[in-house]
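Chemist: Residue numbers (my numbering): 20 to 351. Please find one structure pasted underneath; my questions will follow.
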Amino acid sequence: MKKKWHLPFLLFLIVGTVIIWRQNHPVPAPYQQEEGSIFGTVYHVKYQSETILGNEIAETLKAVDRSLSMFNKESVLSRLNNNETTQSDSLVRMVFRQSQQISRATGGAFDITVGPLVNAWGFGFKNGELPDSAQVDSLRRFVGWNSVSMDEEGRLHKADERMVLDCGAVAKGFGVDCVASMFREHGVKNFMIEIGGEIVVSGNSPKGKPWNIGISVPSETDYDQTQNVIQITDAALATSGNYRNFYVTEDGRKLAHTIDPRTGYPVQHSVLSATVVAPTCAMADAFATSFMVLGIDGAKKVLEEHKELKAYLIYSGENGRLDVWTSPNWEE
Numbered sequence: 020m021k022k023k024w025h026l027p028f029l030l031f032l033i034v035g036t037v038i039i040w041r042q043n044h045p046v047p048a049p050y051q052q053e054e055g056s057i058f059g060t061v062y063h064v065k066y067q068s069e070t071i072l073g074n075e076i077a078e079t080l081k082a083v084d085r086s087l088s089m090f091n092k093e094s095v096l097s098r099l100n101n102n103e104t105t106q107s108d109s110l111v112r113m114v115f116r117q118s119q120q121i122s123r124a125t126g127g128a129f130d131i132t133v134g135p136l137v138n139a140w141g142f143g144f145k146n147g148e149l150p151d152s153a154q155v156d157s158l159r160r161f162v163g164w165n166s167v168s169m170d171e172e173g174r175l176h177k178a179d180e181r182m183v184l185d186c187g188a189v190a191k192g193f194g195v196d197c198v199a200s201m202f203r204e205h206g207v208k209n210f211m212i213e214i215g216g217e218i219v220v221s222g223n224s225p226k227g228k229p230w231n232i233g234i235s236v237p238s239e240t241d242y243d244q245t246q247n248v249i250q251i252t253d254a255a256l257a258t259s260g261n262y263r264n265f266y267v268t269e270d271g272r273k274l275a276h277t278i279d280p281r282t283g284y285p286v287q288h289s290v291l292s293a294t295v296v297a298p299t300c301a302m303a304d305a306f307a308t309s310f311m312v313l314g315i316d317g318a319k320k321v322l323e324e325h326k327e328l329k330a331y332l333i334y335s336g337e338n339g340r341l342d343v344w345t346s347p348n349w350e351e
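Structure, rendered in structure tokens:
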């Protein structure tokens, strides 16, 4: 009888011990992975959660596309550009106001009205012959960040109805921010979101450490070579470059895809790629584009005024050698 009583009591002790141990040592939630297509590129997401949030990720990005896509004829941005309406939505308002702030901070190096010039040089959704100086001067009349405004109700006002908004240099970063916001609403603390190279990281990777993010070598052919790997957490990162997106003219000239809104012409300087770490990915995305326009000296001036930014610029040095310049706070 004693032996029969000891066995269930022993099992009770074992089960009770396991329950108490699990309460004091909870099993961590697994890391999930999602990927898909959006904005003409692909996204990759890793996040720690018991709940699979793939549908929520996809719907969040589709909402951004419905607002900001120039390729979606039914998007809010397309309707604004076609003068079908003057009324924006909340996402367009957020991007517009952030863009105007960055345009002001960069002296117009970042400009979401640059679309007509981008298209004229053959880097947008329309391809054509290269423009001459007369065409560039003509198109510049429809470009200028301070020639568009938005009132408190979100109505867009253009100095000329032929002006259009092109959010291509900020939409991916903004989409990453929107997914990050959705994760935080669901209580997800550890995640990495990447859309076409624009990234937000939070907390730790599956290894229990900050996330390792690679910065690519600016090469026209080798897509997998890494210039540097940084450990980062609770921040956003974006890279802009001319080394994979350029146009070779019939006379052999290589034209960068980055157009200077202030001149109307492709930029001509030694910077090959600009990586920016910022509080938000939309900000990192826009400033990275701006630094490709401004070059190293111009970027330095902006960084002196904006200590919240960190920059890693790769440029062509002597004899074509790749050199790196980093902002003084980069090592942080």
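Glycine included, C-beta positions come from ideal geometry on N, C-alpha and C.
Using a Cβ distance threshold of 8 Å, determine whether the region 188 to 198 contacts the region 293 to 303, with at least three qualifying pairs required.
Modeler: yes
Chemist: Is it right to say His276 is buried, meaning 16 or more other beta carbons lie within 10 angstroms of its own, or is it exposed?
Modeler: Position 257 of the sequence shown, counted from the start, is the residue given in the question as residue 276. Buried, since its Cβ has 16 or more Cβ neighbours within 10 Å.
Chemist: Near Asn74, which residues of its chain fall below 7 Å by C-beta distance, leaving aside the five closest residues on each side in sequence?
Modeler: Along the sequence shown, read from residue 1 onward, the residue named residue 74 stands at position 55. Result list for Asn74: empty, nothing under 7 Å.
Chemist: Taking the CB atoms as reference points, tell me whether Leu72 and His205 lie closer together than 9 Å.
Modeler: Your numbering for residue 72 matches position 53 in the sequence shown. Your numbering for residue 205 matches position 186 in the sequence shown. Against a cut-off of 9 Å, the Cβ pair of His205 and Leu72 comes out as a contact.
Chemist: Can you list, in chain order, the residues of its chain with a C-beta nearer than 7 Å to that of Val133? Leave out the 5 residues immediately preceding and following it.
Modeler: Here the question's residue 133 lines up with position 114 in the sequence shown. Within the same chain, and ignoring the five residues on either side of Val133 in sequence, the residues whose Cβ sits closer than 7 Å to its Cβ are Val162, Asp185, Ile278 and Pro280.
Chemist: Grab the span of the alpha helix (DSSP H) containing Leu313 for me, first residue to last.
Modeler: The sequence position of residue 313 within the sequence shown is 294, counting from 1. Element bounds for Leu313: Cys300 to Glu324.
Chemist: Provide the residue span of the alpha helix (DSSP H) that contains Phe115, from first to last.
Modeler: Counted from its first residue, the sequence shown places residue 115 at position 96. Where Phe115 is concerned, the enclosing alpha helix (DSSP H) stretches over Ser109 to Ala124.
Chemist: Considering only their Cβ atoms, is the gap separating Tyr50 from Pro225 smaller than 9 Å?
Modeler: Walking along the sequence shown from the start, residue 225 turns up at place 206. Walking along the sequence shown from the start, residue 50 turns up at place 31. When the beta-carbon positions are compared, Pro225 and Tyr50 come within less than 9 Å of each other.
Chemist: Do Gln246 and Ala259 count as a contact pair if the criterion is CB distance below 9 Å?
Modeler: As a position in the sequence shown, residue 259 is number 240, starting the count at 1. As a position in the sequence shown, residue 246 is number 227, starting the count at 1. One point to set straight first is that residue 259 is Ser, not Ala, in the sequence displayed. The answer is no: Cβ separation not under 9 Å.
Chemist: What does the Cβ neighbour count give for Ala48, buried or exposed, with the cut at 16 atoms within 10 Å?
Modeler: Residue mapping note: residue 48 aligns to position 29 of the sequence shown, counting from 1. With fewer than 16 other Cβ atoms within 10 Å, it is exposed.
Chemist: Using the Cα positions of Gln154 and Gly127, report the straight-line distance between them to the nearest angstrom.
Modeler: As a first step, residue 154 is located in the sequence shown; it is residue number 135 there, counting from the start. As a first step, residue 127 is located in the sequence shown; it is residue number 108 there, counting from the start. Going by the C-alpha atoms only, they are around 21 Å apart.
Chemist: Which word fits Gln106, buried or exposed, when buried means at least 16 other C-beta atoms lie within 10 angstroms of its C-beta?
Modeler: Along the sequence shown, one-based indexing puts residue 106 at 87. That one is exposed.
Chemist: Cβ of Ile315 within 9 Å of Cβ of Ala255?
Modeler: Counted from its first residue, the sequence shown places residue 315 at position 296. Counted from its first residue, the sequence shown places residue 255 at position 236. Not closer than 9 Å, so no.
Chemist: If contact is defined by three or more beta carbon pairs under 8 Å, each pair taking one atom from either stretch, is the region 87 to 104 in contact with the region 172 to 190?
Modeler: yes
Chemist: Please report the straight-line C-alpha distance between Gln287 and Leu313, rounded to a whole angstrom.
Modeler: Locating residue 287 in the sequence shown gives position 268, where the first residue counts as 1. Locating residue 313 in the sequence shown gives position 294, where the first residue counts as 1. Spanning the two alpha carbons is a distance of roughly 10 Å.
Chemist: Measuring only from the beta carbon, is Asn100 closer than 8 Å to any heavy atom that is part of the ligand MG?
Modeler: The ligand MG is absent from the structure shown, which contains no ligands of any kind.
Chemist: Would you report the Cα separation of Arg174 and Asn91, rounded to the nearest angstrom?
Modeler: Here residue 174 refers to the residue found at position 155 of the sequence shown. Here residue 91 refers to the residue found at position 72 of the sequence shown. Answer to the nearest angstrom: the Cα atoms are 20 Å apart.
Chemist: Can Ile333 and Ala293 be called in contact, C-beta distance under 9 Å?
Modeler: Here the question's residue 333 lines up with position 314 in the sequence shown. Here the question's residue 293 lines up with position 274 in the sequence shown. Taking 9 Å as the Cβ cut-off, Ile333 and Ala293 qualify as a contacting pair.
Chemist: Check Val198 in the structure and name its three-state DSSP category.
Modeler: Taking the sequence shown and counting its residues from 1, one reaches residue 198 at position 179. Correct three-state label for Val198: helix.
Chemist: Could you pull out every residue in the same chain whose Cβ sits closer than 6 Å to the Cβ of His176, ignoring the five residues on either side in sequence?
Modeler: The residue labelled residue 176 in the question sits at position 157 within the sequence shown. Counting only Cβ-Cβ distances below 6 Å, and skipping sequence neighbours, we find Ser168.
Chemist: Looking at the unbroken alpha helix (DSSP H) that takes in Lys81, where does it start and where does it end?
Modeler: Sequence index remark: in the sequence shown, residue 81 carries index 62 (1-based). From DSSP, the alpha helix (DSSP H) with Lys81 extends over Gly73 to Leu87.
Chemist: Give the straight-line distance between the Cα atoms of Lys326 and Glu213, rounded to the nearest whole angstrom.
Modeler: Translated into the one-based positions of the sequence shown, residue 326 becomes position 307. Translated into the one-based positions of the sequence shown, residue 213 becomes position 194. Distance between the alpha carbons of Lys326 and Glu213: 24 Å.
Chemist: By DSSP, does Val95 sit in helix, in strand, or in coil?
Modeler: Here the question's residue 95 lines up with position 76 in the sequence shown. In the structure shown, Val95 sits in a helix (DSSP, three-state: H, G or I).
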